[in-house]
Amino acid sequence: MGGESIMKVLKELLVLLGKSFLLYCCSSFCCGRIGEVKTMKAPGRGGRRIPRAGFEKDPSGYFRALRDDRR
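Residue numbers (our numbering): 265 to 335.
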């Protein structure tokens, strides 16, 4: 293998690595943690999961609704 062919292979390898990195970044942005909703086990709901933010915003309202649902 001559010096030119080694340089060509290295160039192709760098292009492939660059494309792989861009694909990784795009997939992390679109499908990653951005926009994920944190959840928690809903108290009194048999392990069902609910959004944590809504519960933390008004826990007494959650338990009021829970009691109303059981009547």
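Here a beta-carbon is modelled for each residue, glycine too, at the ideal position from N, C-alpha and C.
Residue i - DSSP class collapsed to helix/strand/coil
i    : result
K302 : coil
R313 : strand
P323 : helix
G308 : coil
G282 : helix
G266 : coil
Own chain residues within Cβ distance below 7 angstroms of residue i, not counting five before or after
i    : result
Y326 : F319
K305 : G311, R313
Nearest-angstrom Cα separation, counted from residue j out to residue i
i    : j    : result
L286 : R331 : 50 angstroms
L278 : R313 : 45 angstroms
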